[in-house]
Every structure is written in structure tokens, then in C-alpha cells.
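This note's numbering numbers the first residue of the sequence shown as 33 and each following residue consecutively.
A quick write-up on the structure given underneath.
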Amino acid sequence: MAINDISLTAGMRSNLTSLQQTAQLLDRTQYRLSTGKKVNSAIDNPTAFFAAKSLNSRASIIDGLKDAMGQAIQTVTAADKGITAISSLIEQAKGVAQQAAAAQAVDSMTITLASVAALDTVTVGGVTFTATDSSTPGSNEFYQGGTDAEDAAALAEVINDNTTLTGLGYSASVNGSVVTISRTDYSVTSTDVTTSNSTRLAAASDDATAELDSLVTQYNTIRAQIDTLAADSGYKGKNLLSGSTGSGLLTVKFEGKHSLDVVGFDASSSGLNITEADWNTGQASTAAAAISSDSDLLDTALSTLRTNAAAFSANLSIITTRQEFSTDMVNTLTQGADKLTLADTNEEGANMLMLQTRQSLGTTALSLSAQAAQSVLRLFG
33 MAINDISLTA
43 GMRSNLTSLQ
53 QTAQLLDRTQ
63 YRLSTGKKVN
73 SAIDNPTAFF
83 AAKSLNSRAS
93 IIDGLKDAMG
103 QAIQTVTAAD
113 KGITAISSLI
123 EQAKGVAQQA
133 AAAQAVDSMT
143 ITLASVAALD
153 TVTVGGVTFT
163 ATDSSTPGSN
173 EFYQGGTDAE
183 DAAALAEVIN
193 DNTTLTGLGY
203 SASVNGSVVT
213 ISRTDYSVTS
223 TDVTTSNSTR
233 LAAASDDATA
243 ELDSLVTQYN
253 TIRAQIDTLA
263 ADSGYKGKNL
273 LSGSTGSGLL
283 TVKFEGKHSL
293 DVVGFDASSS
303 GLNITEADWN
313 TGQASTAAAA
323 ISSDSDLLDT
333 ALSTLRTNAA
343 AFSANLSIIT
353 TRQEFSTDMV
363 NTLTQGADKL
373 TLADTNEEGA
383 NMLMLQTRQS
393 LGTTALSLSA
403 QAAQSVLRLF
413 G
């Protein structure tokens with residue numbers, strides 16, 4: 033049956049139309065309240081819908097970049113902590129080098145005299161000295177008729193008077209009954225100094241180079257740990273202390289085509305030019321020069337680390353600032369999109385109450401119009 037087949041009074045048709053409009057408004061208001069948005073599709077408001085979509089899209093892109101910035105911050109932080117740890121190791125290495133510089137670089141031999149007898153002999157550097165009880169010792173002889181301390185002084189004197197030995201750098205010093213024999217720039221060992229009687233002329237090495245050997249081992253162990261620390265300072269496959277072209281370069285992307293390159297460096301011992309110590313080989317003067325040279329290299333390495341740490345700190349500050357800016361920008365864009373699409377729940381709630389009241393009144397008015405038609409019908413009853 034077509035609607036035109038039903039005859040309605042003008043008042044009833046007007047009330048019906050009003051109720052239909054009210055129902056549509058109620059549906060729209062309920063939908064806005066349920067979604068919280070006044071613009072849910074392009075049909076509602078094309079301009080606002082697409083503008084909000086563009087703002088939200090940009091906010092999403094920036095938010096993704098912000099997450100990448102957070103990971104970049106962790107990468108730079110890991111490298112910075114690596115620099116701090118490596119700097120600490122270098123300071124330890126400097127301490128070892130200082131100990132080495134103060135250590136005796138060569139061994140010496142000691143001879144302890146105890147009741148030396150005539151014809152006892154001491155051989156130093158191939159030259160033999162014989163004890164004699166004569167008050168007028170001959171060439172390469174020393175008087176042994178006094179106390180042990182006096183005999184020791186006589187032995188040291190004859191050694192120091194021998195031009196062959198002094199020409200080779202040998203010298204003797206006395207402390208009570210003990211004679212210490214040393215040689216400039218070289219160690220003196222048991223092959224250089226021998227005696228005919230190990231009781232009356234007890235020869236022994238002070239083994240001074242053992243300390244230097246230990247310090248060289250300590251230094252080289254620390255050097256190896258520098259390599260380990262540099263290799264362990266990466267984050268998610270990116271190591272700014274590796275010095276390699278790929279891993280040692282961090283590119284932080286910002287919005288658009290903007291980016292920041294954080295360039296790493298080689299923080300290994302070779303990259304910092306820290307050479308392996310060999311202070312316990314060669315002459316004492318050579319060892320002293322090597323220790324001094326290695327100490328200078330350590331100072332240079334520390335300077336390199338400080339320079340790169342300052343560069344990392346500056347880059348870290350830039351990335352952190354960009355991350356904070358990105359957070360603020362995402363909030364700004366999201367708020368802008370919300371202002372275009374979000375519904376005012378207070379206003380929509382008031383609309384709902386008003387529409388419900390209007391619907392109730394419209395229903396009442398329609399009922400009254402129907403009653404008027406029924407009154408006419410009674411006239412024919």
C-alpha cells in the first residue's frame with residue numbers, strides 16, 4: 033500500500049514528519065556518544081575528516097621515528113659507557129707504566145763474604161780475583177785478612193779498579209759484608225759472576241727483572257681487555273666503537289628527509305695506537321725509553337677518547353631534544369585531529385535529553401491528532 037493511499041490530516045502528517053526527524057537526530061546523537069566522535073566518516077564532514085586523517089597520519093609517522101630515536105639514544109649511551117670503561121683501563125695501564133719506570137730494569141748479583149780464605153776466587157765478567165793474606169796484594173788480588181766487611185770492601189775496590197770491567201760497564205758497591213755487582217744497561221747473572229766457594233763467597237741474583245716481567249704481563253693483559261670492551265660496547269648490532277664502516281656509523285632519521293649521522297671510531301688498542309709492551313727486553317735505557325713512549329701513547333689515547341666522548345655527548349643531546357620535540361609534535365597533531373572530529377559529550381548529552389523530550393511531546397501531539405479523527409468517527413456511530 034502506497035503512503036498516498038492513507039489519508040492523514042495535516043496536523044498528523046506534520047507531527048509524523050517531526051517525529052521522523054527527531055528519530056534521525058536521536059540516532060546520530062547516540063552514535064556520536066558511543067564513538068566519542070562527531071565526524072566518523074567522510075559523509076559526516078569531508079573537510080574535517082580528511083584533514084584529521086592527514087594529521088593523524090603525520091603523527092603516526094613521527095611516533096615511529098620517535099621510537100627509532102629512542103633506540104639510537106641507547107646505542108650512543110652504550111658507546112659512551114664503553115668509552116668510560118676503556119678510559120678506566122687506560123688509567124690502570126698508566127699506573128702499571130709508572131711502576132715499571134720506577135722498577136729496576138736490570139738484574140744484579142750479590143756476593144756475601146763469610147770468613148774468606150786465601151786463594152778463594154771471584155770471577156766477574158771473565159776476570160778472576162783471588163783472595164790473599166798478603167798485606168800487599170798483587171794484580172787482581174784482594175786482601176782477606178780483616179773482618180768480613182773489610183774483605184768485602186777490598187773485593188769491591190779491586191773490581192772497580194779493573195779497567196777491563198769498568199770499560200764493560202761493571203761496578204761494585206758494598207753494604208757491610210755484601211758486595212753488589214751491576215752493569216750499566218745490562219743484567220748481571222750467575223754466568224757473569226761465579227765464586228770458588230759457595231759458603232765463604234755466596235753468590236746470588238736479586239732477580240730485579242722479575243718485577244718488570246710481571247708488570248709487562250699486567251700491561252698487556254689490560255691492553256687485551258681494551259679490545260674486549262670495545263667489541264662489547266654495541267647495541268642491537270650497532271657498535272660505535274668498532275671503527276668499521278657499517279657498524280661504526282649510526283644514521284638517525286627525523287621527519288621528512290632530515291637526519292643526523294653519528295660517526296663512531298676505533299676504540300680498540302690498535303685503533304688507539306696502544307702498542308704491546310716489551311719493556312723487559314733489551315737494555316735498561318731502551319726499556320726506559322719504551323716505557324716513556326708507551327706512557328705518551330696512553331695520554332694520546334685518553335685525549336682521543338675524551339674528544340669522541342664529547343662528540344657523542346653533543347649528538348646524544350641533539351637526539352634527545354629531537355625526541356622530546358617529536359613527542360610534543362605528536363601530541364599537537366593528535367589534539368588538532370581530535371578538535372576536528374571529537375564530539376563534545378556534554379553537548380551531545382544535552383542534545384539527547386532534548387531530543388527525547390521532543391520525541392515524547394511529538395508522540396503526545398500525534399496521539400491528540402488521532403483522537404480528533406476518532407471524534408469525527410463517533411458522529412456516525
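All C-beta atoms in this analysis are idealised placements derived from N, C-alpha and C, irrespective of residue type, glycine included.
A quick note: this is a predicted structure, and the numbers were derived from the prediction, not measured.
Under the criterion of beta carbons closer than 8 Å, SER214 and SER203 qualify as touching, at roughly 6 Å. In this structure, the beta-carbon distance from VAL159 to ALA188 does not fall below 9 Å.
For the options THR249, GLN103, SER335, the alpha carbon positioned closest to that of VAL284 is the one of GLN103.
For SER274, the closest of SER219, VAL295, HIS290, ARG255 by C-alpha to C-alpha distance is VAL295. ALA341 sits in a helix when the DSSP states are folded into three classes. Your pair LEU87 and GLY368 checks out as a contact, with CB atoms roughly 5 Å apart and the cut at 8 Å. By the criterion of a C-beta distance shorter than 6 Å, ARG90 is surrounded in its chain by LEU365, once the five residues flanking it on both sides are discounted. Taking 9 Å as the cut-off, the beta carbon of LEU329 is found no closer than this to the beta carbon of ASN363.
No Cβ-Cβ contact shorter than 9 Å links SER209 with SER140. At a Cβ-Cβ threshold of 9 Å, SER301 and ARG255 count as neighbours.
If you ignore the 5 residues before and after ASP259, its C-beta comes within less than 6 Å of the C-beta of SER300, SER301, all in its own chain and listed in chain order.
Between the C-alpha atoms of THR107 and HIS290 there is a straight-line separation of about 19 Å. Every beta strand (DSSP E) of 3 residues or more that sits fully in the region 262-338 is shown, in chain order, as 281-285, 291-295. Contact check for ALA100 against LEU272 fails: the beta carbons are separated by 9 Å or more. In terms of CA proximity to THR359, ILE94 leads the group ILE94, THR79, PRO78, ALA83. Look at ASN347 here: in three-state DSSP terms it is helix. Note that the C-beta distance between ALA262 and ASP298 is below 9 Å. In this structure, THR162 sits near THR153, with a CB-CB distance shorter than 9 Å. Nearest to SER230 by alpha-carbon distance, out of ALA149, THR307, THR164, ALA186, is ALA149. For VAL108, the enclosing alpha helix (DSSP H) stretches over residues 78-134.
With contacts defined by Cβ atoms closer than 9 Å, SER327 and GLN130 form a contacting pair. In terms of Cβ geometry, ALA135 and LEU247 form a close pair [threshold 9 Å]. Around the Cβ of ASP112, a 10 Å sphere holds 16 or more other Cβ atoms; the residue is buried.
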